[in-house]
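Everything below concerns the one structure shown next.
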Amino acid sequence: MNVHTRRYRRVSLARTDGDDGDDGDAMTRPTVVSTLTSSPTATPRENVAARRDGVGDDDVVVLDVEEEEDAGGRVATRDGKDVETKPRGGGGVELSMKRYFRPASIVDGETSTSEGAGDVGDENDGGSAREKRRRDEPRIVIESAPDERAFTTKSIGGCEVKFPEGLSPHPAQVMTMSSIIRALNKKENSMIESPTGTGKTLALLCGALAWQEKESKNPEGAKLYKAWVKEREKYEAAKARYDAGLKSGKRVEPEFGDGWMSSDPHFRRAPPPEATTPKIYMCTRTHSQISQILRELKRTGYSPKYSVLSSRQRMCPYNKSDTECRELIKAKGGVRTSTDCGYYNRHQRAVRTMARFEENGMIGHYPAAWDMEDFDRVIEHEDACPFYTLRGMAEDASLIFCPYNYLFDINVRRKMGLKIDGAAVIIDEGHNLEDVCREGSSAELSLDEIGKYADELAKNHGRINEQTTVLSSFFRSISNFLEEQFRVSNSPDAIVVSSNQVKTLTDDMLKDCPDHLATIDEIVEELMTTKSDLLTPTTAPAIGLAGDIAVVLTLVRTNPTAYNVIFGRNMDIDGDTCPGIAFQCMQPAVAFHQVARDARSIILTSGTLSPMTTFEAELGVKFASKIEAPHVIPTNQVHVEVCGALGEITYKATEGDVQGSRFAKNLGSFLLRYAKIIPGGMLVFLPKYSLIDRIFREWHITGVFSELSAFKRVCVESRGSRGFQETLNEFDRGNKKGKGSLMLAVYRGKVSEGIDFKDDAARAVFCVGIPFPSMFDVKVKAKRNYNDSPYCKERGMLPGGEWYRAQAYRAYNQALGRCIRHPKDYAALFLVDSRFLEGGVWMMNNISKWIRRNVTACHNINDSVRTVDEFFKRLRDPEAFGANADANANAATAPPPKPIEGNKNFLRGVGHAKNKPLVDALDAMCEASMQAGEDPKRTNAYSKALVSIRALQVEVTSGAKISKSGPDKVPNVGPSIGAQIDYFFANGVFERHAFYEKGELPPS
Ligand code: SF4
């Protein structure tokens, strides 16, 4: 074994002051691993539905208490428990679709004989009986009728946009559509923040598809297409005659004509291409969100050729691994319909059936678009493999739906063979994009895993032995390096190797591997494609991992300045603490640039992109336009309150024996006051699961739990996805059958990301504390330090502290946006942390615009309870709400309300009256300094002085007098703030106010 003796410099990651960081364990990215696998009792199709739709961190569920309890489709998970598979609602669409999926009594003269004899699909089901039943079943026919819906059309940017029948786009939607069309026309990137409930998804679809339609129009193509439609009509008539003859027992000769096949009603001659249609990738965070987008697509008047990308793990009815699947579908005698997987053998037929939707659209019929429920019905009927059907449909699709990690994770994109060239990429719910990009070009390995794969590949693998030996030496080289590092250092702490040493480190690490990374890559490529027949279930994952690591290491070596390498004995890898190594990408720009370079335009949207500057700096790509669309909710339907009743919610205030108990008790009493008057559901967000556990325990001990239970059904968000659906059901039941429910949940958890709590599902959101990333997380520390480096400064990236704050406030805004999901919704939002009261405008500017424009301050809980009570009484009074509904209707055409930036009421009545001029001057300076983009340190200094002065009941004449040691000592004013106030007086800092007032920056 070669011995490497280089020692890597330990980079200091000391905690820095200035942030009231709470070491929230909820900071970790939502896990996307579903724990649902096959049930021994469920059928294969139930298993796939449970895996695909099981509610986990990867899911979206709409809770709508207006609907009947059993309105949602439910399937069994492997636990045999019900899992909601679709949002409840949209009943109208559902009913109308049933018409189109009536199996028609069509039996062709021939029956398919192409299914394979050996068929895993039949193994558990009495093979021949099932095969016979399938042959006897009539094939599904998707009936259609002329589409007579009256779309609302609007001309935007040279495109004729069709909006669903009866809907007129409101200003936020028009704004979204015009910026998409402008960006796509000009091949620019655009960033659009549009609050939840503004119909953003519909606007995205209509804008993008109108542009695509305009781009693909071609008069010659249209002529050819018309001729094809005529020919098809002839075929339809002939088919009807043939069927009628069969029914009446007469023998009728088929007369289908050239190019049309009698054996399969769906196999028609392919329509001529209309024109080259530009490709669009429409991406969102999860597959459940894609299902929601598809439902919206059905409402539009567009019928693009589209498909959804998904993984074999999610879709395979038999839960086969990639290797097992590949083994099964090895064609027998070169016939692709004669493999050992019957589902696979029938997938082409399902692809042809699904094509009928697009054909409907081409001749102006309905339905022209499908959603996942339609797809499931076709798959069920055709008994086909859903994974390969979607893949088949994607081959010539002009619109592809996929989670955005498929594009921005370099290894996923490589394996799926996605080509972005010239495509428009639209990213919805993109607030996590930075994380996805960073993680998509990072890799983590445990020492055990490396050793295991090195050993496995070192065995004799016959015809591919030469190649597996090379891959084994690649893994061995990494494990030798790590073992040597652990031998020379006994420290339990992780070692962070910063960018300037990364290249040297990788040289050392690959010393024992005689081949270049490019060779490793080529070997893996060859083994996974042309030689995949020779792989076994044990070699395939090892070879796949070698390929992934080689790709990431190539990125590390070509972009060393963008990486840190972290290794240690106690690394957190896939939830385990073990020895290992992480190649951590610090710049999302590495992954983002690869897509942005090839794409025509990237449109990034979300309800919570603020602060937008972070995205542009971190993604390293220019966004020509950054739009903040207004909310459609009239201001009288949302009550926002900043509440300091529980003080600062920091780590110190909530941990420890005494403080923790006191905090839990105070929080319980505080919520009880509101639980009595708030109708429907209440969501309470906290920074950490451990804090929620503590609170729940204390509430049981102190009796708060039973007091709260008298008014609300109390639920707690569970860690991981197991059991979460039951919690949601429980919460839902409390809202429907009782006086409402109260859910304790964590920021960045399952409740805060992707679940719509509309109407009575949540009438109030309490955001308790601010979810700052954990200060003790080695990766967070490394990223902060990295952003503070001169390299990042040069590139205009946010300083570490600001990046850190942006992460916290983005999660905060995301949680606040859980309720108010449509223009007639209403809710109360509570920002429970005294730092918002003290920080004034400076703190509030981190909050989404539509929330901060409504903010009021709570100084007395009795006043607050009275105001909130009146707010709900007014909105629940049918007459008052009628008037409100009219206001909503008008909101569709009225200009957006003028935002009230930094509500000055916020400051009224605070501190000593004589300090008001100082407070006003500091407040204005804070705001002007921030808006002018001055050094954040300066804004921060104003803010800190502002907070201190506003808290004082004595007149400020000198900082030294009021600070802790002075004659007028005030508890909250430490010597440094006192000194700062003195400095402000002595250096005329307050006079700078005059410059700001004139809209100028004062001399530095
Ligand atoms: S072809 Fe489809 S159904 Fe058959 S094993 Fe592969 S993924 Fe599963």
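Take the sequence shown: its position 881, counting from 1, is numbered 881 in our numbering, and each next residue is one higher. Glycine included, every Cβ here is placed at the ideal spot set by N, Cα and C.
Sequence-distant residues of the same chain with beta carbon closer than 7 Å to residue i, five excluded per side
{"i": "Asp70", "result": "Residue confidence for Asp70 is low, a pLDDT of 29 falling below 50, so the modelled location carries little weight; the figure read from the coordinates is stated next. Nothing meets the Cβ criterion."}
{"i": "His993", "result": "Ala921, Ala924 and Met925"}
{"i": "His461", "result": "Thr468 and Thr539"}
{"i": "Thr605", "result": "Ile192, Ser194, Lys200, Leu204, Ile427, Asp428 and Gly430"}
{"i": "Asn987", "result": "none"}
{"i": "Gly647", "result": "Ala653 and Ser834"}
{"i": "Pro679", "result": "Gly740, Asp760, Arg763, Phe872 and Arg876"}
{"i": "Leu527", "result": "Ile464, Gln467, Leu535 and Ile543"}
{"i": "Thr786", "result": "Inspection of the sequence shows that residue 786 is occupied by Tyr rather than by Thr. Asn564, Met586 and Cys792."}
{"i": "Met416", "result": "Leu309 and Tyr406"}
{"i": "Ile573", "result": "Glu444, Ser446 and Gly580"}
Cβ shell of residue i (< 8 Å), same chain only, five flanking positions each side left out
{"i": "Lys98", "result": "Summary for Lys98: the model assigns pLDDT 25, below 50, so the residue's position carries little reliability; its value from the coordinates is reported in the next sentence. If we look at Lys98 and ignore the five residues flanking it on each side, it has no Cβ neighbours."}
{"i": "Lys214", "result": "Gly158, Cys159 and Glu160"}
{"i": "Asn185", "result": "Gly157, Gly158 and Trp211"}
{"i": "Leu294", "result": "Val308, Ala369, Trp370, Asp371, Met372 and Phe401"}
{"i": "Val93", "result": "Per-residue confidence for Val93 stands at a pLDDT of 22, beneath the threshold of 50, marking its modelled position as unreliable; the derived number appears in the next sentence. Answer for Val93: Arg295, Lys298 and Arg299, listed in chain order."}
{"i": "Phe357", "result": "Ile142, Ser303, Pro367, Ala368, Ala369, Trp370 and Asp374"}
{"i": "Lys779", "result": "Ile566, Ala582 and Gln584"}
{"i": "Arg673", "result": "Ile861 and Val865"}
Heavy atom of ligand 1 within 8 Å of residue i beta-carbon
{"i": "Cys858", "result": "no"}
{"i": "Glu698", "result": "no"}
{"i": "Leu1040", "result": "Nothing about residue 1040 can be reported from this structure: the residues present for the chain run from 1 to 1004 only."}
{"i": "Leu535", "result": "no"}
Close Cβ partners of residue i (< 6 Å) along its chain, the five nearest in sequence each way excluded
{"i": "Tyr100", "result": "Low local confidence applies: a pLDDT of 24 at Tyr100 is under 50, so the model's placement there is unreliable, with the coordinate-based value given in what follows. Contacts found: Ile142, Glu143 and Pro367."}
{"i": "Pro1016", "result": "This structure cannot speak to residue 1016, because the chain is shown only from 1 to 1004."}
{"i": "Cys402", "result": "Cys283 and Leu309"}
{"i": "Val989", "result": "none"}
{"i": "Asn570", "result": "Pro492 and Thr577"}
{"i": "Glu236", "result": "none"}
Cβ of residue i within 9 Å of any chain C Cβ
{"i": "Ser155", "result": "Absent from the structure is chain C; it holds one protein chain and no more."}
Supposed contact pair residue j and residue i - C-beta distance, whole angstroms, cut 8 Å
{"i": "Ile770", "j": "Asp598", "result": "With a Cβ gap of about 38 Å, Ile770 and Asp598 do not count as contacting."}
{"i": "Met393", "j": "Met354", "result": "6 Å"}
{"i": "Lys187", "j": "Pro169", "result": "That belief does not hold up - the Cβ atoms of Lys187 and Pro169 are roughly 24 Å apart, past 8 Å."}
{"i": "Leu471", "j": "Ile523", "result": "6 Å"}
{"i": "Gly568", "j": "Ile495", "result": "6 Å"}
{"i": "Ser625", "j": "Ser179", "result": "6 Å"}
{"i": "Phe151", "j": "Gly301", "result": "5 Å"}
Stretch pair the region 628-639 + the region 189-203: three plus CB contacts closer than 8 Å: With a cut-off of 8 Å, the region 189-203 and the region 628-639 count as touching, because enough Cβ pairs lie within range.
Segment contact flag, the region 641-654 with the region 753-769, C-beta cutoff 8 Å, min 3 pairs: Here the region 641-654 makes contact with the region 753-769; the two share three or more CB pairs at distances below 8 Å.
The region 588-602 touching the region 534-545, judged by at least three CB pairs closer than 8 Å: Because the criterion of three Cβ pairs below 8 Å is not met, the region 588-602 and the region 534-545 do not touch.
Lining residues of ligand 1 - beta-carbon closer than 6 Å to any non-hydrogen atom, in sequence order: Qualifying residues, in the order they occur: Arg312, Cys316, Pro317, Tyr318, Lys320, Cys325, Leu328, Ile329, Cys341, Tyr343, Tyr344, Cys385, Phe387 and Tyr388.
Stretch pair the region 505-516 + the region 473-480: three plus CB contacts closer than 8 Å: Inter-segment contact for the region 505-516 and the region 473-480 is present: three or more beta-carbon pairs are separated by less than 8 Å.
Three CB pairs or more closer than 8 Å across the region 749-761 and the region 804-822: With a cut-off of 8 Å, the region 804-822 and the region 749-761 count as touching, because enough Cβ pairs lie within range.
Given 8 Å, three or more beta-carbon pairs between the region 377-396 and the region 148-167: Here the region 377-396 does not lie against the region 148-167, with fewer than 3 beta-carbon pairs under 8 Å apart.
Cβ contact (3+ pairs, closer than 8 Å) linking the region 652-668 and the region 692-703: With a cut-off of 8 Å, the region 692-703 and the region 652-668 count as touching, because enough Cβ pairs lie within range.
Sufficient close CB pairs (3 or more, under 8 Å) joining the region 657-666 to the region 840-856: Contact check between the region 657-666 and the region 840-856: fewer than three CB pairs, one atom from each, fall below 8 Å, which does not count as touching.
Touching by the beta-carbon criterion (3+ pairs, under 8 Å), the region 735-754 and the region 808-815: Touching, per the Cβ criterion.
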